């Protein structure tokens, strides 16, 4: 049986994208709260962001025809895999404080 990790896939290891910077807005917090079915007033009014809000903050805004069936956009850093199901692996999240409107996030791609 051949390995699923082909030389072409292994050549992708270590690739990274450019750093990104985003400012958290009350409107973005409110939109995320509604989209994820939050019930706490502090999220719905945009006073504080709910957990995992920061992940969607960096998603590209794309046309509907560029979305995958799961609603995510095609990531140019992710090669085509032999298996069709995606899994979020290799993510480590450390929360140091709550997220509020006006906070600035810097996304850096670094090995850990």
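In this note's numbering, the protein residues as written are 114 to 225. Ideal Cβ positions, reconstructed from N, Cα and C, are used throughout, including at glycine. All of these numbers come straight from a predicted model, not from anything done at the bench.
The residue from 157, 182, 160 and 186 with its alpha-carbon nearest to that of residue 169 is 186. Around the beta carbon of residue 142, 16 or more other beta carbons lie within 10 angstroms, which makes this residue buried. Taking a 10 Å sphere around the C-beta of residue 126, we find fewer than 16 other C-beta atoms and assign the residue as exposed. If you draw a 10 Å sphere on the C-beta of residue 146, you find 16 or more other C-beta atoms in it, and that means buried.
Taken in chain order, the complete alpha helix (DSSP H) segments of 4 or more residues contained in the segment 121-157 are 139-148 and 154-157.
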